[in-house]
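To get my numbering, take the position in the sequence shown, counting from 1, and add 2. Written below as structure tokens is the structure these notes are about.
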Amino acid sequence: MRNRDRFRGCLCGGAVGDALGYPVKDTEDSEIFARWGENGITEYEPNAAGIAEVSANTQLALYTANALLAASTARRVTGEKTRTYRQYLIDCYRDWYLAQERNDGTASAGACAWLCGIPELNNRRAPDGACATVPAGDRFGSVRSPVNAEKGSGGLVRVAPVGLFFGSGEGQLPKIDLLAAEAAAITHGHELGYLPAAVLAHIVHQGAYCEAELEDAIEDAMETVGDLFPDAVHWNELEALVDRAVELADEELDDLDAIRELGQGDAADEALAIALYCALKYRDDFGRAMVAAVNHSGNSAATGAVTGTILGAFLGVRAIPLKYIRGLEMLDVIVELADDLFNGCRPDPATGEIPREWLEKYRIEKTENEA
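Okay, structure coming up:
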């Protein structure tokens, strides 16, 4: 059953983990503990305006939501289904790139995404290399036709909206997993760059819709995605890392030692494994999971974001400590997109028509752009 609280929890949780981990991204753990004490960073490091800034991880997750909602609106209103979800994603990722190139708070001519008009999203916030370079070109990747051999976490961190977008009907989970893989493969062509994205979207969906236990959701995700990609050369590597993360969550091991065993989080498979470890070990305590997820020497923004995404989908927004909600950058935009994903494109009961405000927000008039 759809749960608004979990939709909000998923997107807000991802942003919280991103904002908490962003200031210490790629900082040596010894330096983190020397500066913030024995528990590491546990509070936001706000900017001069008192706002906890998010990185490109959250920016691109929001653009993913924008793309999916624009696609569904076009299909609902016009019946047009020739353009794939992937094409809408490409258009919105390009809009994100161009808006940041302009950096003046305005959308470029022909922009798909209403998010281009949000000034905070026009600021470049440490995107990984592939996210920053692929949208600047004229070729975008797919699972069948990789654009590069990148396996960074930039493709993983943006796919949570895919897990929220589709309902829970029969046959939906494979559809979700495949689209999440394609969304990541637009910029990240290595199997370990897009297969973890499929697993994450599957887990998010199970949490937001099915009220599954996290262990069961992980097991189901691995089984389904493994079946969808039977010829994946690197599947066994991902499977082994996820299995180890699950094992470590049940062991009496220091969090930092466990995370070091799983990796740095710069690669998508490592970021997913670290997030699964933290989410499993602290499945009922969002705050403790966040602290574990970001206090290490690797990509703390990515591991924090993915951990928050997972636990937010399973626990809901009410489980997020208020100190992390207060001061979070673009909270109103994040909640608005979560609610739009929850509500979907549907007519006003009083008029039987799609509200004009919705059409103005998500109607796309761009020409087809398939690379």
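Backbone N, C-alpha and C fix where the C-beta goes; we use that ideal spot for every residue, glycine too. All values derive from a computational prediction rather than experimental measurement.
Would you mind reading off the limits of the alpha helix (DSSP H) that contains residue 7?
6-23
Along the chain, where does the alpha helix (DSSP H) that runs through residue 292 open and close?
288-296
Quick check on DSSP: helix, strand or coil for residue 300?
coil
Contact belief for residue 14 with residue 336 at Cβ below 8 Å, rounded distance in angstroms:
6 Å
Rounded to whole angstroms, what's the CA-CA distance from residue 218 to residue 50? Just pull it up for me.
43 Å
Apart from the five residues on each side of it in sequence, which residues of its chain come closer than 6 Å, Cβ to Cβ, to residue 363?
116
According to DSSP, is residue 247 helix, strand or coil?
helix
Nearest-angstrom Cα separation, counted from residue 123 out to residue 298
27 Å
Count the other CB atoms, across all protein chains shown, that sit within 10 Å of the CB of residue 332; report buried if there are 16 or more and exposed otherwise.
buried
Take every Cβ of the stretch 276-294, pair it with every Cβ of the stretch 242-259, and state whether three or more of those distances are shorter than 8 Å.
yes
Measure from the alpha carbon of residue 189 to the alpha carbon of each residue in 71, 201 and 155, then state which is nearest.
155
Which same chain residues end up closer than 6 Å to residue 236 when comparing Cβ atoms and leaving out the 5 residues on each side of it in sequence?
193 and 194
Taking the alpha-carbon of residue 324 as reference, which of 3, 6 and 11 has the nearest alpha-carbon?
11
So, using beta-carbon positions, are residue 306 and residue 19 closer together than 8 Å?
yes
Regarding residue 35 and the ligand FMN, is the C-beta to nearest heavy atom distance less than 7 Å?
What this structure holds is no ligand at all, so the ligand FMN is not there to describe.
When DSSP labels each residue in this structure, what does residue 54 get in the three-state scheme?
strand
Residue span of the alpha helix (DSSP H) that contains residue 351, given as start and end
Run containing residue 351: none; DSSP gives neither H nor E here.
In this structure, what does DSSP give as the bridge partners for residue 154?
269
Simplified DSSP state of residue 274, which is helix, strand or coil:
helix
Just the C-alpha distance for residue 202 and residue 165, rounded to the nearest angstrom, thanks.
8 Å
Excluding the five sequence neighbours on either side, which residues of its own chain have a C-beta within less than 8 Å of the C-beta of residue 30, listed in chain order?
299
Spatial neighbours of residue 290 in its chain, beta-carbon cut-off 8 Å, leaving aside the 5 residues before and after:
284
Cβ distance (whole Å) where residue 199 is taken to contact residue 270 below 8 Å:
7 Å
Which partner residues of residue 317 appear in the DSSP bridge assignment?
None, per the DSSP bridge assignment.
Grouping DSSP H, G and I as helix and E and B as strand, with all else coil, what is residue 194?
helix
Cα-Cα separation, residue 42 to residue 256
14 Å
Given that a residue counts as buried once 16 or more other Cβ atoms are within 10 Å of its Cβ, and exposed if not, what is residue 224?
buried
Is residue 210 near residue 8, with beta carbons less than 8 Å apart?
yes
Helix, strand or coil at residue 330 [DSSP, three-state]
strand
N-terminal and C-terminal residue of the alpha helix (DSSP H) that residue 360 is part of:
358-364
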